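Numbering (our numbering), first residue to last: 287 to 416.
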């Protein structure tokens with residue numbers, strides 16, 4: 287079955303290096319926490335807030351090693367909501383999930399855990415906090 291993994295990260299600046307670094311960190315953490323490899327990923331949908339336009343976040347996969355070139359990727363711009371957090375990259379990763387893999391671990395890095403306080407317990411489990 288296909289399961290959706292959610293994640294978000296805040297880029298330090300609207301610069302190519304900062305966006306790619308933040309996106310790579312997020313994808314690496316999503317793969318690590320869920321113990322998946324690129325061949326299990328059906329597709330990844332990226333969004334970025336309107337203030338991030340220096341590079342497509344999906345470009346970060348190009349430097350992540352074997353298997354990532356075959357993953358379908360798509361980027362879009364988030365709607366601009368007044369008062370929302372700036373410099374945010376969001377990911378929806380569609381994964382071929384097998385029975386016995388447990389529950390998906392959604393990943394919200396840097397300040398983005400405030401976007402999904404309902405998932406805070408999941409994030410604390412992985413950070414070692416109790």
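We treat Cβ as the ideally placed atom computed from N, Cα and C, and that holds for glycine.
Keep in mind it's a predicted model, so treat the numbers as computed, not measured.
**Report entry** One or two residues paired with residue 378 in a DSSP bridge
**Finding:** Indexing the chain shown from 1 puts residue 378 at position 92. Residue 378 is bridged to 292, 331.
Report task. Assuming residue 332 contacts residue 359 (C-beta within less than 8 Å), just tell me the rounded distance between them. Result -> The count along the chain shown starts at 1 and reaches residue 332 at position 46. The count along the chain shown starts at 1 and reaches residue 359 at position 73. With 8 Å as the limit, residue 332 and residue 359 qualify as a contact, their Cβ atoms being about 7 Å apart.
Report task. Along the beta strand (DSSP E) that carries residue 359, what are the first and last residues, could you check? Result -> The count along the chain shown starts at 1 and reaches residue 359 at position 73. It spans 359-363 - the beta strand (DSSP E) in which residue 359 sits, taken as one unbroken run.
Query - residue 317 - DSSP class collapsed to helix/strand/coil - result: Numbered from its first residue, the chain shown carries residue 317 at position 31. Reduced to three states, the DSSP call for residue 317 is helix.
Query raised in the report: Quick one, are the C-beta atoms of residue 304 and residue 297 less than 7 Å apart?
Result: Along the chain shown, one-based indexing puts residue 304 at 18. Along the chain shown, one-based indexing puts residue 297 at 11. It is a contact, given that the beta carbons lie within the stated cut-off.
Query raised in the report: Is it buried or exposed for residue 327, if we count other Cβ within 10 angstroms and need 16 for buried?
Result: What you label residue 327 is simply residue 41 of the chain shown in a count that begins at 1. Residue 327 is buried by the Cβ-count criterion.
Query raised in the report: Taking C-beta to C-beta, are residue 375 and residue 334 nearer than 7 Å?
Result: The residue labelled residue 375 in the question sits at position 89 within the chain shown. The residue labelled residue 334 in the question sits at position 48 within the chain shown. For the pair residue 375 and residue 334, the CB atoms are nearer than the 7 Å cut-off.
**Report entry** Nearest-angstrom Cα separation, counted from residue 386 out to residue 340
**Finding:** Looking up residue 340 in the chain shown gives position 54. Looking up residue 386 in the chain shown gives position 100. Cα to Cα, the separation comes out at about 40 Å.
Query raised in the report: How close, in whole Å, do the beta carbons of residue 353 and residue 324 come, if the pair is a contact with beta carbons under 8 Å?
Result: Residue 353 sits at position 67 when you count from the first residue of the chain shown. Residue 324 sits at position 38 when you count from the first residue of the chain shown. 3 Å between Cβ atoms; contact.
Query raised in the report: Would you say the segment 384-404 touches the segment 315-322, given that touching needs at least three Cβ pairs under 8 Å?
Result: yes
Report task. Quick one: residues in its chain with C-beta nearer than 8 Å to the C-beta of residue 356, no 5 flanking neighbours on either side, listed in chain order? Result -> Walking along the chain shown from the start, residue 356 turns up at place 70. Once the five neighbours on either side are set aside, the close Cβ partners of residue 356 are 324, 325.
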